[in-house]
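For reference, the structure discussed in these notes is given below.
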Amino acid sequence: MILISVSAWAAEPPDTSSEEADAAFVVRSAPSKRAGDQVASRILVLDEQDLADMGAQNLGEALDTLPGVRVQQGYRGAELSLRGLDPQHTLVLVDGQRLSGRTSGAVDLSRISIQDVVQVEVIKGPQSALYGSDAMGGVVKITTRAGSPRPRARGQLAVASSLGQGAPTLDADLGASGGKDSLSGSIDLGLHGGQALMDADGVHTAQDQWRQGDLSLSGAWRPDNGPQLRIRSAYTARMLEGVDSANGGASLDRTVGTETQVNQMSLSWAGARSLTTARAGYSFYLDQYLSDQRKAADLDLYERSREDLWEGGVLHEHATGLGVVSLGADVLVQSLQADRLDGRGQRSRLSPFAQLEFRPTDSVLLVPALRTDLDSQFGRNLSPKLSALWYAPGALQLRASYGQGFREPSFSEQLLRFSNPSAGYQVEGNPQLGPESSQGVDLELRRPVGPFALSAAGWWTRLHDMIAVDEGVTDTNGTTYRYVNVDQARTRGVELGFSVNDGPWALELDYVYTQSLDFASGKPLVGRAPHVGNGSLMWSGTVLQARTQISCVGARPMSDGAAGVPYALWDAQVGWTPGPVDLRVGVENLLNTQDSTDLVALRPRELVFTVGGDWGGKG
Amino acid sequence: MIFLLLACLPDLSERLEALDSAATLDTSEVSEGPHRLLLDATDYDLWVELDLDQKQGPWELRFQRYLVELNPGLDGDGASEALWFEGADFDALGASDVPEGGWLVDQEDQDGDGEPERVFDDWYLYESADHSLTPLDRVYLVRGPSGTFKFVFESYYSEAGTPAKLQLRWQQIHTENTP
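Residue numbers (my numbering), protein chains in the order written: chain A, 294 to 912; chain B, 528 to 706.
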């Protein structure tokens, strides 16, 4: 289940002998492998079983149920945000590697096949002391499947139908793994698709038609002694098609094609009291955007962009008399070529970091960390963090941390040259932009009492030099907007959690209050709901399971000054797992909540049938 | 392990070209009676001049995107002037409705914004929410060397929705430039 609190950095060297250690490319010590009472940072964890129990069809759907995690379905996919900040303020790592290809600052989580994921960790608050740029609101760490020598085959077919509103959506996945002696490998294939949902006018689309294909191959060499080698290569292609309307009555057939290619390699070797991991990776992201005006060619638009990302890193963890010392360095080289850009974006970065965990007393754990990012464009950036855990009397656990985060401007923000003739405006990049930065404080109290657990957390984040478009200059060419470092903002809030795990029953309730302020306008940040609540109830028998969950999102300020309509999303499902076969029936969006002001792509009520099998994966 | 090096998706720009070759293009048309024209003022730098009597003579109006200017003439010759009636019926407006006074011409910048003061500065309603332009319910009278014309903006957009492809309608109501 969801481990609220938990994680990071144990007092002993990491254990790489467990089954979970098959997960590939885990760097920074896979916190969730450690005992929950030995960590100083608060982390939310979903493992493979959690994801299966949720019956989620995609990663965004699963993460949206976590407290303080907001996932919105935008027109370019599922966008995740933390701490009331924007999607570009959350760093997404897949097997320790940055996910390339942000669109308008956001990473589309739909690009990651949920069947390929064995673990997700969400660390909230500024985390640049360990992870560098973009980790202002937090970090999402995704771990994908890797093979083991034991033969295993998996398959799943999910069909979701909105009963009368278009054709059903299909998700099909197949996977196999196996090996001999110290060699193992795995292959996973996925095909996904769904029909468009039309607007009320019957011409334009409320949601795109999509097609997606995934292929991933991984291999490992794990001799009983000595270094262990892992390697993975994955490819995803995705096509979205929709019909947009523009002012003046134009209809535009829009097609977006994206391709992601990820190649990774890691080598790790363990000493008596240490573990060293080296990794290297290369990924590229291709994006084609086509907008074709009906009955004319004036507004036709075709843009292509390609992002290349090379990454490498070394991490050495050593248990000393003082505590566990972690030393490491990351290297990054990134480039972007795009029709929209005035030139080619290119930057490189070298980032050494260090962390120490030590216990001044048996009941206190202190974890200071520091990272320096030396960037070819922006020079040096220092990011400190200090975390502490105190075992107070009465089984009370108190965690506190202070951290700093930063985000370097994207190439688009620096070099964009975009004109929208149908709307009569242009947006220009600004090569003089500097990084955004944040400071954050987190406090958490947690008290387990038998099957119950109570938690209360408070957080405060201050943002500096936020990048925003200026007020624009209007001339005969229309209005020209430019990116500038101007905005200061603050977000703060409270999270309350309550859970019960009693026999087959599990209940989780949480409530998050978020308050935000844009100092420039004196108003709350747009789109942030002050009140959000989640609840889930699950019953797990030997072969039968039932689960229901609900998310309630309160009114929120919108850009036009109005308040977004509150809404609730309610899902329910039952599952039957006789042996290796898994059958599930569920209803998503039971209340059939319709599009609200900012719910761009909320799907209507759908009946979901899932049949799957996993041979060799259990026991 | 052999790394994948796939790039499977087709080049979408080829798809665009294929569709465009079959697309119906907008055309300009002049008919008997009131003239109707789809005027292409999409260029951000060029002015498109319009001779309302459609003969070889000086132009009365010129257009660039949403900007419209009257011909200032050369040393006073060939100048155009205009006025308008709010909510008037285009078809009902006749020669007897043409006033003697009240005619306006474009002037040099008066308010220091670097732009001339144009008679046609506010022929539209601008909706900031979606940046759309809608013509006001006005019938303009334009008077130049070729005569006097009643003139309306029917749309800032073509039927396909392209902005700055103005749908215009006008008709000559006097062959002389004075009633």
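For each residue, glycine too, the CB sits at the ideal point set by N, CA and C.
| said: Taking only three categories from DSSP, how would you classify I524(A)? | reply: Secondary structure at I524(A): strand, using DSSP grouped into helix, strand and coil.
| message | Would T436(A) and V400(A) be called neighbours here (beta carbons separated by less than 7 Å)? | response | no
| task | Rank S669(A), P661(A) and V858(A) by C-alpha distance to the C-alpha of R640(A) and give the top, closest one. | result | Of S669(A), P661(A) and V858(A), the residue nearest in Cα terms is S669(A).
| If you follow the alpha helix (DSSP H) that Q707(A) is part of, which residue opens it and which one closes it? | F704 to L708
| task | Report yes if the C-beta distance between G696(A) and A422(A) is below 7 Å; otherwise report no. | result | yes
| said: Is there a C-beta anywhere in chain B that falls below 7 Å from the one on A589(A)? | reply: yes
| Considering E608(B), what are the terminal residues of the beta strand (DSSP E) in which it resides? | E608 to E613
| request: Thinking S559(A) and R515(A) are a contact (beta carbons under 8 Å), I'd like their distance in whole angstroms, please. | output: The pair is not a contact, with the Cβ atoms about 12 Å apart (cut-off 8 Å).
| field | Option nearest H824(A) by Cα separation, candidates L592(A), R376(A), G370(A) and D343(A) | value | R376(A)
| Backbone secondary structure at N794(A) - three-state DSSP | Correct three-state label for N794(A): strand.
| Local conformation of I405(A) per DSSP, three classes | coil
| Since Q581(A) meets chain B, which of its residues come closer than 8 Å, beta carbon to beta carbon? | L536, D538, L539 and S540
| request: Kindly give me the distance between the Cβ atoms of Q578(A) and T551(A), rounded to whole angstroms, as I take these residues to be in contact under 8 Å. | output: The sequence given here places Tyr at residue 578(A); Gln does not occur at that position. That pair is a contact at about 7 Å.
| task | Check the Cβ of G868(A) against every Cβ in chain B and list those closer than 9 Å, keeping chain order. | result | Here the premise fails: no neighbours, minimum Cβ distance about 34 Å.
| Proximal residues of chain B, C-beta to C-beta of M532(A) below 8 Å | L536
| field | Chain-order list of residues whose beta-carbon lies under 8 Å from that of K582(B) (same chain, five-residue window excluded) | value | S673
| Among A453(A), A345(A), D409(A) and V387(A), nearest to R572(A) - alpha-carbon criterion | Considering only alpha carbons, the answer is V387(A).
| request: Identify each residue in the stretch 628-649 of chain B for which the Cβ-Cβ distance to at least one residue of chain A is less than 9 Å, and report them in chain order. | output: G641 and E642
| query | Can a CB atom of chain A be found closer than 7 Å to the CB of L652(B)? | reply | Output row for L652(B): interface = no.
| field | Opening and closing residue of the alpha helix (DSSP H) in which S669(A) lies | value | Note, S669(A): premise wrong, no alpha helix (DSSP H); not H, not E.
| Against chain B: residues of the stretch 589-609 of chain A by CB proximity under 7 Å | A589, A590, D591, L592, D593 and Y595
| request: Answer yes if the stretch 781-797 of chain A comes into contact with the stretch 812-822 of chain A, meaning at least three C-beta pairs across the two stretches below 8 Å, and no otherwise. | output: yes
| Looking at C-alpha atoms only, which residue of G826(A), L402(A) and V385(A) is the closest neighbour of G370(A)? | L402(A)
| request: For D657(B), decide whether its Cβ has a neighbour in chain A, counting only Cβ atoms nearer than 7 Å. | output: yes
| field | Best match in R696(B), G688(B) and L601(B) for proximity to N540(A) [C-alpha to C-alpha] | value | G688(B)
| task | Return the CA-CA distance between A513(A) and S748(A), expressed in angstroms with no decimal places. | result | 40 Å
| request: Find the nearest neighbour of L394(A) within the set P744(A), A631(A), G765(A) and P741(A), judged by alpha-carbon distance. | output: Looking at the sequence itself, residue 394(A) is Gly, so the reference to Leu does not match. Among P744(A), A631(A), G765(A) and P741(A), the Cα nearest to that of G394(A) belongs to A631(A).
| message | Which residue wins for smallest C-alpha separation from T886(A), given the options V880(A), V878(A) and R898(A)? | response | R898(A)
| Where does P686(A) land, buried or exposed, given buried means 16+ other C-beta within 10 angstroms? | exposed
| field | Nearest-angstrom Cβ-Cβ length linking R525(A) and R404(A), presumed shorter than 8 Å | value | A Cβ-Cβ separation of about 16 Å leaves R525(A) out of contact with R404(A) under the 8 Å criterion.
| field | For P873(A) and V793(A), believed in contact at Cβ under 8 Å, the rounded distance | value | Contact flag wrong, Cβ pair sits at about 30 Å.
| said: So that I know if they touch, is there some Cβ in chain A lying closer than 7 Å to that of A687(B)? | reply: yes
| field | Touch test, the stretch 662-680 of chain B against the stretch 573-588 of chain B, Cβ-Cβ under 8 Å, three pairs minimum | value | yes
| said: Quick check on Q808(A): does DSSP put it in helix, strand or coil? | reply: strand
| task | Counting only the same chain and skipping the five closest in sequence on each side, list residues whose C-beta sits under 6 Å from that of D481(A). | result | Only D409, G468 and S509 meet the Cβ criterion.
| task | Would you kindly check if the distance between the Cβ of V805(A) and the Cβ of P360(A) is under 7 Å? | result | yes
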